[in-house]
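Colleague: To convert, take the position in the sequence shown, counting from 1, and add 71; that gives the working numbering.
Even glycine gets a Cβ: it sits at the ideal position worked out from N, Cα and C.
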Amino acid sequence: MASLKELKDRIGSVKSTQKITKAKKMVAAAKLRRAQMAAEAARPYANEMAKVMASLAGKVTVDENSPKLLAGTGKDQVHLLVVATSDRGLCGAFNANIVKEARVKAEKLIKDGKTVLFYMVGRKGIPVIKRIYPDQISKHFDTTEAKTPGFEEAKAIAEDLTAMVEEGKFDVAHLFFSKFKSALVQEPTAQQIIPVALDTSGDEASGASTEYEPDEEEILTELLPRNLTTQIFGALLENMASEQGASMTAMDNATRNAGDLIDNLTIIYNRSRQAAITTELIEIIAGAEAL
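1) Where do the ends of the alpha helix (DSSP H) carrying glutamine 89 lie?
2) Considering Cα atoms alone, identify which of Gly316, Leu332, Arg297 is closest to methionine 120.
3) Got a sec? Which residues, its chain only, sit under 7 Å from lysine 201 by beta carbon, not counting five neighbours each side?
4) Looking only at its own chain, which residues have a Cβ that is under 8 Å from the Cβ of tyrosine 204, when we skip the five neighbours before and after it?
5) What did DSSP end up calling glutamine 262 once you bin it into helix, strand or coil?
6) Valine 199 to glycine 163, Cα distance in whole Å?
7) Would you check if there are 3 or more beta carbon pairs closer than 8 Å linking the region 212–222 to the region 246–261?
8) Apart from the five residues on each side of it in sequence, which residues of its chain come closer than 6 Å, Cβ to Cβ, to aspartate 323?
9) Can you determine whether any heavy atom of the ligand HEM sits closer than 7 Å to the C-beta of aspartate 331, and answer yes or no?
10) Check the DSSP bridge columns for alanine 155 and list the partner residues they point to.
11) Let me know the secondary structure DSSP gives lysine 250 once reduced to three states.
12) Is the distance from the Cβ of valine 123 to the Cβ of leucine 294 below 8 Å?
13) What residues are listed by DSSP as bridge partners for isoleucine 208?
14) Would a C-beta distance cut-off of 8 Å place serine 318 and leucine 161 closer than the cut-off?
15) Given that a residue counts as buried once 16 or more other Cβ atoms are within 10 Å of its Cβ, and exposed if not, what is arginine 104?
16) Given 8 Å as the limit, is there contact between the region 138–155 and the region 333–349, that is, 3 or more CB pairs closer than that?
17) Go ahead and label asparagine 166 buried or exposed: buried means 16 or more other beta carbons lie within 10 angstroms of its beta carbon, across all protein chains shown.
18) From the DSSP output, which residues share a beta bridge with valine 149?
19) So, is glutamate 31 buried or exposed, given that buried needs 16 or more other C-beta atoms within 10 angstroms?
20) Can you say whether methionine 108 is buried or exposed, counting buried as having 16 or more other CB atoms within 10 angstroms of its CB?
21) Starting from the Cα of lysine 206, find the closest Cα among Ile197, Val98, Glu351, Ser74 and give me that residue.
22) Is the beta carbon of threonine 92 sitting closer than 8 Å to the one on threonine 326?
23) By the three-class DSSP mapping on this structure, what secondary structure does alanine 234 have?
24) Run the CB neighbour count on lysine 76, radius 10 Å, all protein chains shown included, and call it buried at 16 or more, exposed below.
25) Which residues in the same chain have their Cβ closer than 6 Å to the Cβ of glutamine 302, if we skip the five residues on either side of it in sequence?
26) So the alpha helix (DSSP H) proline 138 belongs to, where does it begin and stop?
27) For my contact list, lysine 226 and glutamate 309 are in at a C-beta cut-off of 8 Å; report their separation, rounded to the angstrom.
Right under this line is the structure:
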């Protein structure tokens, strides 16, 4: 059994850890509100952009001369998985869930005979992917310099992916991120971004007719890169909100667990101290009787 000094030192150590987790929880809670507002504010724009893209794409003929962001390369062999994770830990299973979703997709594609490459955004997902797929990480986009990855980072990633698909380095790109639902729920999400996945059922159902000036092809040429940037930017915002929500929940659980551990250690300490006092009294009484 540990000595009284060891128990006292351990209680002090756990109390120090509890102070850190409580402070981290408060910081995450403060950041969560701002990140949640930013993610929710970006959703309507992204949704409307997707509707406009679907409407335009339904009015043009997609062939080998169409932009690769719309038509792809015409093949379906090489798949690039863009995995967006955070640069920091202490956020529960946030990063692990995103990586798990990407691994499930990768295993399914490999089973179907496809070639899989990874484009990593953030640092936390790299060790797992590198261990399982050591030679399949195509590139790592470093976001450590930006405290909160934003539109400029999304634009740079979009330009990078556009250049790669133009060079024929991949045929299809999928984006993996965590969609924010609440502080307790973050949903790992996979989204095809190249070629852009379009749903034209909404226009057909509404029967709406829209005329564009200039023509649809010219507008698409301008909107496709912007749409890609918008989708990536939205994913980064969702990730930031999800990370703070997961961090707040994880730190709250850690604080509660530290409190339970302190209570248990205090009980053990008090019992050990009482036993030591009782032993000393028995020795004193036995010595007195011997005299």
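Modeller: This is what the structure gives:
1) 75–128
2) Arg297
3) Ile208
4) Ala177, Val187, Phe189
5) strand
6) 16 Å
7) no
8) Lys96
9) Of ligands this structure carries none, so the ligand HEM is not represented either.
10) Val192
11) strand
12) yes
13) Phe189
14) yes
15) exposed
16) no
17) buried
18) Thr186
19) No statement about residue 31 is possible, as the shown extent of the chain runs from 72 to 362 and does not include it.
20) exposed
21) For the sequence presented, residue 206 should be read as aspartate rather than lysine. For the residues Ile197, Val98, Glu351, Ser74, the minimum Cα distance to aspartate 206 belongs to Ile197.
22) yes
23) helix
24) exposed
25) Ile264
26) Segment: none, proline 138 is in no alpha helix (DSSP H) and carries neither H nor E.
27) Not quite, the Cβ-Cβ distance comes to about 17 Å (not below 8 Å), so this is no contact.
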